[in-house]
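In this note's numbering, the protein residues as written are 3 to 63.
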């Protein structure tokens, strides 16, 4: 193994199609539509209001 490597000709992951796709899949979020009971939504919103967070984030955890 070398001590120093020359990265002057290296490409960024976003410039290599299959790496860019993998990176996007891991890092991103997907928008969905989901139906929940009104009581469930109200409970998440109430908990988010008291804790100062977002109810969507709480549902995602």
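Even glycine gets a Cβ: it sits at the ideal position worked out from N, Cα and C.
Bear in mind the structure is a predicted one, so any value in this text is a computation, not a measurement.
Local conformation of residue i per DSSP, three classes
i, result
"residue 51", "helix"
"residue 17", "helix"
"residue 42", "helix"
Contact check, residue i vs residue j, beta carbons under 7 angstroms
i, j, result
"residue 60", "residue 50", "yes"
"residue 22", "residue 16", "yes"
Limits of the unbroken alpha helix (DSSP H) element including residue i
i, result
"residue 57", "57-62"
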